[in-house]
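Number of protein chains: 2
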Amino acid sequence: MARTQGSHSDITGPRIQAAALELFARHGYAAVSMRQIAAQVGVQAGALYNYIPDKQTLLFRLMRDHMETLLDTRRMQAGAGDPEARLRDFVRFHIRFHLERPDAVFIAYMELRNLTPENFARIEELRGDYERDLQDILRDGSAAGVFSVPDTKLATLGVIAMLNGVNTWYRSGGRLSLDEVEAVYWSMVRKAVAA
Amino acid sequence: MARTQGSHSDITGPRIQAAALELFARHGYAAVSMRQIAAQVGVQAGALYNYIPDKQTLLFRLMRDHMETLLDTRRMQAGAGDPEARLRDFVRFHIRFHLERPDAVFIAYMELRNLTPENFARIEELRGDYERDLQDILRDGSAAGVFSVPDTKLATLGVIAMLNGVNTWYRSGGRLSLDEVEAVYWSMVRKAVAA
DNA sequence: AAGCTATCTGAACATATGTTCAGATAAAAC
DNA sequence: GTTTTATCTGAACATATGTTCAGATAGCTT
Numbered sequence: 422m423a424r425t426q427g428s429h430s431d432i433t434g435p436r437i438q439a440a441a442l443e444l445f446a447r448h449g450y451a452a453v454s455m456r457q458i459a460a461q462v463g464v465q466a467g468a469l470y471n472y473i474p475d476k477q478t479l480l481f482r483l484m485r486d487h488m489e490t491l492l493d494t495r496r497m498q499a500g501a502g503d504p505e506a507r508l509r510d511f512v513r514f515h516i517r518f519h520l521e522r523p524d525a526v527f528i529a530y531m532e533l534r535n536l537t538p539e540n541f542a543r544i545e546e547l548r549g550d551y552e553r554d555l556q557d558i559l560r561d562g563s564a565a566g567v568f569s570v571p572d573t574k575l576a577t578l579g580v581i582a583m584l585n586g587v588n589t590w591y592r593s594g595g596r597l598s599l600d601e602v603e604a605v606y607w608s609m610v611r612k613a614v615a616a
Numbered sequence: 422m423a424r425t426q427g428s429h430s431d432i433t434g435p436r437i438q439a440a441a442l443e444l445f446a447r448h449g450y451a452a453v454s455m456r457q458i459a460a461q462v463g464v465q466a467g468a469l470y471n472y473i474p475d476k477q478t479l480l481f482r483l484m485r486d487h488m489e490t491l492l493d494t495r496r497m498q499a500g501a502g503d504p505e506a507r508l509r510d511f512v513r514f515h516i517r518f519h520l521e522r523p524d525a526v527f528i529a530y531m532e533l534r535n536l537t538p539e540n541f542a543r544i545e546e547l548r549g550d551y552e553r554d555l556q557d558i559l560r561d562g563s564a565a566g567v568f569s570v571p572d573t574k575l576a577t578l579g580v581i582a583m584l585n586g587v588n589t590w591y592r593s594g595g596r597l598s599l600d601e602v603e604a605v606y607w608s609m610v611r612k613a614v615a616a
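Chains H and A are the protein sequences, given in the same order. For what it's worth, my numbering labels the leading residue of the first sequence as 422, then goes sequentially. For what it's worth, my numbering labels the leading residue of the second sequence as 422, then goes sequentially.
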């Protein structure tokens, strides 16, 4: 047997990424074998190598695609306005975007140590771009006197860490709706950086 | 050869834990082999099994010991006072304790998915005990009118997530001293929950 | 000095790993 | 209808895995 019915590059390629995303998120990169990924796709392990050069590149592409989607989506939604409005938009965007793709978020952050040094540097650069976005908002707000943070860089990291925490406990259909979560966190962030 | 010079249970046991702690933190539980741990201790892989029943238990003990040290240390330092003083103590304690043992912190939080369900439940219970400590402070402060948080549980998780973020970037000898970091984060936390 | 026991080695076990590749086959091109 | 090509199988590769255990030895007990 070979080339089963309906098999096609356009279908199998994305399915490999989807399977790897789910399995890496659930069990971790090192704990997932190429044969498990292949089985989830419904294919033999050898077939994966028509789409990826190796396992490491598969991981890297998942993380790179996630970070680029994050940056692109943010660039499209980022609006103007006074610093407080921009900060509120950022908080809402961050929570919503990350809750929509928990697997990718989990991987992009837990599997950094399994990247080669070169790949690690490329992902960290993208992460830096995203953080700079928030840092600019806090800097502008501090300059305008509407925010007061002891240290812009630390405030940036502190806010992002706080927002990232949502992904560890939020479950849709739980006690709080998405809107409520956004409101609660916006309230805390706003006060934390308030003048 | 067997039983090399000076070998003794009192020495090898802790050295296994120390080696596993460092290697698990650096490369991840699944990516570290028993032979690597043994090599770091200076022993053959088989000798490890005089001290641990299996690899899973080794991971579990590292996490359990860490969580129990966290709870015990906190219980010894936790003082009385008004809610604001207790919150400040908590923030300072949390940052300092976690920065002193980055490897254990990293493992206790990144390797949860590699625990068996039973072991996972036991660790989560200890984590819940610790969170309850902070939650009580926020609850008392809200009742007394000195704090104002939209949701006590979310504020607890938000503050802890923010504080945990310190471990991802702080390096001793860096731009900021430990005291400065504590002051910056205390400022943000205090304002975030302020009435 | 002799015996005992805790501690470690070294080899073995069954199984799993990432990756390669010749050959097979279905769909596309002609 | 025939040829070409993209896609997949199945087997193989060298190596790594967690764990077990008989045997060896260093240090303690007597």
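Quick reminder that beta carbons are idealized off the backbone N, C-alpha and C, glycines included. Since the structure is predicted, the reported quantities are computational estimates derived from the model, not experimental observations.
Pick out whichever of the options has its Cα sitting closest to the Cα of residue i.
{"i": "H/ALA460", "options": "H/ALA441, H/ASP475 and H/ALA446", "result": "H/ALA441"}
{"i": "A/PHE511", "options": "A/TYR530, A/LEU483, A/GLU552 and A/VAL570", "result": "A/GLU552"}
{"i": "A/GLU546", "options": "A/GLY566, A/VAL462, A/GLU489 and A/ASP475", "result": "A/GLU489"}
{"i": "H/ARG560", "options": "H/GLN498, H/ILE473, H/ARG482 and H/ALA616", "result": "H/ALA616"}
{"i": "H/THR537", "options": "H/ARG482, H/ASP493 and H/GLU521", "result": "H/ARG482"}
{"i": "H/GLY434", "options": "H/TYR472, H/LEU444, H/VAL587 and H/ARG456", "result": "H/TYR472"}
{"i": "H/ARG534", "options": "A/ALA582, A/THR589 and A/GLY595", "result": "A/THR589"}
{"i": "H/TYR591", "options": "H/ALA542, H/LYS574, H/PRO523 and H/ALA582", "result": "H/PRO523"}
{"i": "A/ASN540", "options": "A/TRP607, A/GLN477 and A/ASP493", "result": "A/GLN477"}
{"i": "H/ASP503", "options": "H/ASP557, H/ARG548 and H/VAL464", "result": "H/ASP557"}
{"i": "H/THR494", "options": "H/GLY463, H/LYS574 and H/HIS515", "result": "H/HIS515"}
{"i": "A/PHE568", "options": "A/ARG611, A/GLU601, A/ALA542 and A/LYS574", "result": "A/ARG611"}
Please state whether the Cβ-Cβ distance between residue i and residue j is less than 9 Å.
{"i": "A/ASP572", "j": "H/VAL453", "result": "no"}
{"i": "H/MET484", "j": "A/ALA613", "result": "no"}
{"i": "A/ALA446", "j": "A/ILE544", "result": "no"}
{"i": "A/SER593", "j": "A/LEU599", "result": "yes"}
{"i": "H/ALA451", "j": "A/ALA451", "result": "yes"}
{"i": "A/GLU603", "j": "A/ARG496", "result": "no"}
{"i": "A/ALA439", "j": "A/ASP486", "result": "no"}
{"i": "H/GLU505", "j": "H/GLY562", "result": "yes"}
{"i": "A/LEU508", "j": "A/LEU555", "result": "yes"}
{"i": "H/ALA582", "j": "A/ALA582", "result": "yes"}
{"i": "A/LEU480", "j": "A/ILE437", "result": "no"}
{"i": "A/VAL570", "j": "A/ALA576", "result": "yes"}
{"i": "A/ASP617", "j": "A/LEU597", "result": "Residue coverage of chain A in this structure runs from 422 to 616, which leaves residue 617 of chain A outside it and unanswerable."}
{"i": "H/LEU520", "j": "H/VAL580", "result": "no"}
{"i": "A/ALA531", "j": "H/MET455", "result": "The sequence given here places Met at residue 531 of chain A; Ala does not occur at that position. No; because the gap between Cβ atoms is not below 9 Å, this pair is not in contact."}
Assuming the contact rule is C-beta atoms closer than 8 Å, residue i and residue j should be a hit. Round their C-beta distance to whole Å, please.
{"i": "H/LEU444", "j": "H/ILE458", "result": "6 Å"}
{"i": "A/TRP607", "j": "A/ARG513", "result": "7 Å"}
{"i": "H/GLY449", "j": "A/GLY449", "result": "7 Å"}
Is residue i near the ligand NAP, judged by its Cβ being under 8 Å from some heavy atom?
{"i": "H/LEU599", "result": "The ligand NAP is absent from the structure shown, which contains no ligand whatsoever."}
Note down, one range per segment and in chain order, each alpha helix (DSSP H) of at least 4 residues found wholly within the stretch 488-568 of chain H. Runs found: 504-521, 523-531 and 538-565.
Contiguous alpha helix (DSSP H) assignments of at least 4 residues, all confined to the stretch 424-493 of chain A: Within the stretch 424-493 of chain A, the complete alpha helix (DSSP H) runs of at least 4 residues are 430-448 and 455-462.
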